[in-house]
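**Student:** Okay, here's the structure, questions in a sec.
Number of protein chains: 2
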Amino acid sequence: MDKAVFIRESIYFLHRYMMKSLQKQAEDHGVTIPQARVIGDVYAHKIVSIKQLSQNLKMTQSTVSDIVERLVSKGFLVKTANANDKRVVDISLSAELAEDINESILQIANESLTGVLNLLTPNQQEKIVEGMQLLVSAVKEKMKAEGMDNYQFFDILYFSNDQNNKNRI
Amino acid sequence: MDKAVFIRESIYFLHRYMMKSLQKQAEDHGVTIPQARVIGDVYAHKIVSIKQLSQNLKMTQSTVSDIVERLVSKGFLVKTANANDKRVVDISLSAELAEDINESILQIANESLTGVLNLLTPNQQEKIVEGMQLLVSAVKEKMKAEGMDNYQFFDILYFSNDQNNKNRI
DNA sequence: ATAATATGAATCGCATACGATGTATCGTAT
DNA sequence: ATACGATACATCGTATGCGATTCATATTAT
Chain C
1 MDKAVFIRES IYFLHRYMMK SLQKQAEDHG VTIPQARVIG DVYAHKIVSI KQLSQNLKMT
61 QSTVSDIVER LVSKGFLVKT ANANDKRVVD ISLSAELAED INESILQIAN ESLTGVLNLL
121 TPNQQEKIVE GMQLLVSAVK EKMKAEGMDN YQFFDILYFS NDQNNKNRI
Chain E
1 MDKAVFIRES IYFLHRYMMK SLQKQAEDHG VTIPQARVIG DVYAHKIVSI KQLSQNLKMT
61 QSTVSDIVER LVSKGFLVKT ANANDKRVVD ISLSAELAED INESILQIAN ESLTGVLNLL
121 TPNQQEKIVE GMQLLVSAVK EKMKAEGMDN YQFFDILYFS NDQNNKNRI
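Just so you know, the sequences run in chain order C and E.
By the numbering used here, the letter at position 59 of the first sequence is numbered 59, and the numbering carries on one by one without gaps.
By the numbering used here, the letter at position 44 of the second sequence is numbered 44, and the numbering carries on one by one without gaps.
If you want it as structure tokens, here you go:
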């Protein structure tokens, strides 16, 4: 079978598995995966802007805006106008959520894949990581060659320069 | 960095790259990637039902139904009632599309990733494939363990038993 | 033969996801 | 001081993607 086909289908498959499996866990908390990711990032930074969230989570500003809006209406997040720059909206956890912020809600995103990796030997895990690194590097190279404008897009996987980012989902 | 985190983010990244990059190519033909996938499968089978498409492309029946509907309204596909079973809808290429069905529209999905792989040595490509196989196998095992009901879901990457499936996008 | 059940598809509601556009605000150049 | 461009965000339109429900048609059981 063609390698490209296999790889493409694999990525499709893995992505779908992640979304599906993680969602099943997340819905116990009444949130979706993207919502959990946003909450995790807000939790890690205490206060963030839409712009920052967009960069941290590698989603467009409009998508983040939508998700935040739903989380606000659910009472999980709070929006306040930024004093220094009225264009900016400060996003933080709501009082209730901040109180009993559940560690589980923050780790939803990793549990499932960790379980998968536990089925494999460290050696096999290493192979997967290596292959993944090769592919990601090649894709980045291709993107650069094609002049894919979104430079922020490149930052993914590097967790940027932000040290507070460790708790990010 | 945690392996699980790296892998999860990588899959996210790769999936996004595929969708974004492929879409750029596809929109020259006035279709999206999922639409191209549907057209490819219809092209390969000449006549298919929603159910079959759903199984071949690993999307839910409702999603396929929506996409087919858009392609019909664009004049790319045609729906006809099945004679043997009135519940079934036969889907085929429209006359115009069938005439000048562009090979390019069928290969949209692979071009991009092929370009990426060309940046790598055969040896590196093999590593990626191996790692991917390991991960996919592990995920399938996990799914089985968790009793993820969708058995059809498992078939992905196997291209089923259908020999006509070779041209599938 | 009729009732109960199963199946194929359409539809609805919701949640991403993105580009394009509009609006308010900020900085800066003139 | 004003005008212009840049920035941050919201909003709209469109396209997935999925589960739940509905509807018509088949199939099966009684």
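C-beta atoms are modelled at their ideal positions from N, C-alpha and C, and glycine is treated no differently.
Model, not experiment: these values are computed from the prediction.
Got a sec: is the Cβ-Cβ distance from Tyr43(C) to anything in chain E below 9 angstroms?
**Tutor:** No, Tyr43(C) does not count as interfacial toward chain E.
**Student:** Nearest to His45(E) by CA position, among Tyr17(E), Lys86(E), Glu69(E), Ile91(E), is which residue?
**Tutor:** Closest option to His45(E), Cα to Cα, is Ile91(E).
**Student:** Who pairs with Thr80(C) in a beta bridge, going by DSSP?
**Tutor:** DSSP, once it has assigned bridges, lists Asp90(C) as partnering Thr80(C).
**Student:** Answer yes or no: does any C-beta atom of chain C fall closer than 9 angstroms to that of Asp162(E)?
**Tutor:** Low confidence applies here, because Asp162(E) scores a pLDDT of 38, under 50, leaving its location unreliable; read the following figure in that light. So, not an interface residue.
**Student:** Does Val139(E) get closer than 9 angstroms to chain C when you measure Cβ to Cβ?
**Tutor:** Taking Cβ atoms only, chain C reaches closer than 9 angstroms to Val139(E), which makes this a yes.
**Student:** Output the boundary residues of the alpha helix (DSSP H) element that contains Leu120(C).
**Tutor:** No alpha helix (DSSP H) contains Leu120(C), which DSSP labels as neither H nor E.
**Student:** Take the Cβ of Glu9(C) as the centre, count every other Cβ of all protein chains shown within 10 Å, and call the residue buried at 16 or more, exposed below.
**Tutor:** Flag for Glu9(C) reads buried.
**Student:** Can you pull the chain E residues whose beta carbon is under 7 angstroms from the beta carbon of Gln125(C), in chain order?
**Tutor:** Result: Lys3.
**Student:** Any idea if Asn56(C) is buried or exposed, counting beta-carbon neighbours within 10 angstroms, 16 or more meaning buried?
**Tutor:** With 16 or more other Cβ atoms within 10 Å, it is buried.
**Student:** Once DSSP output is grouped into helix, strand and coil, what is the label at Leu71(C)?
**Tutor:** If DSSP states are grouped into helix, strand and coil, Leu71(C) belongs with the helices.
**Student:** What residues from chain C crowd round Lys142(E), counting only those whose CB sits closer than 7 angstroms?
**Tutor:** Correct list: Gly115, Val116, Leu119.
**Student:** Taking just the CA atoms, how far does Gln124(C) sit from Ile7(C)?
**Tutor:** Each residue's alpha carbon lies about 18 angstroms from the other.
**Student:** Is Val31(E) helix, strand or coil by DSSP?
**Tutor:** Coil.
**Student:** For a contact meaning CB atoms closer than 8 angstroms, what does Glu130(C) contact in chain E?
**Tutor:** What Glu130(C) touches in chain E: Lys127, Gly131.
**Student:** If I measure Cβ to Cβ from Ser65(E) and keep anything under 7 angstroms in the same chain, skipping five residues before and after, which residues do I get?
**Tutor:** Ile50.
**Student:** Does the Cβ of Ser73(E) have 16 or more other Cβ atoms within 10 Å, making it buried, or fewer, making it exposed?
**Tutor:** Per the 10 Å Cβ criterion, exposed.
**Student:** Span of the alpha helix (DSSP H) holding Glu99(E)?
**Tutor:** 95 to 99 is the extent of the alpha helix (DSSP H) around Glu99(E).
**Student:** Straight-line CA distance for Pro34(C) to Ser21(E)?
**Tutor:** Looking at the two C-alpha atoms, the distance is approximately 22 angstroms.
**Student:** Identify which residue in Ser94(C), Asp2(C), Glu111(C), Ile39(C) has its Cα closest to the Cα of Asp2(E).
**Tutor:** Checked all of Ser94(C), Asp2(C), Glu111(C), Ile39(C); the closest Cα to Asp2(E) is Glu111(C).
**Student:** Thinking Leu14(C) and Val136(E) are a contact (beta carbons under 8 angstroms), I'd like their distance in whole angstroms, please.
**Tutor:** Right, their Cβ atoms sit about 7 angstroms apart.
**Student:** Please list the partners that Leu135(C) has in chain E, where partner means a Cβ-to-Cβ separation under 7 angstroms.
**Tutor:** Neighbours of Leu135(C) on chain E, chain order: Leu14, Ile128.
**Student:** Could you say which of Arg16(C), Val89(C), Glu96(C), Val5(C) lies nearest to Ser54(C) if we only look at CA atoms?
**Tutor:** Ranking Arg16(C), Val89(C), Glu96(C), Val5(C) by Cα distance to Ser54(C) puts Val89(C) first.
**Student:** For Phe131(E) versus Gly131(C), is the C-beta spacing smaller than 9 angstroms?
**Tutor:** Checking the sequence, you will find Gly at residue 131(E) rather than Phe. Yes, they are a contact pair.
**Student:** Which residues in the same chain as Gly75(E) place their Cβ atom closer than 6 angstroms to its Cβ, once the five residues preceding and following it in sequence are excluded?
**Tutor:** If we look at Gly75(E) and ignore the five residues flanking it on each side, its Cβ neighbours are Ser94.
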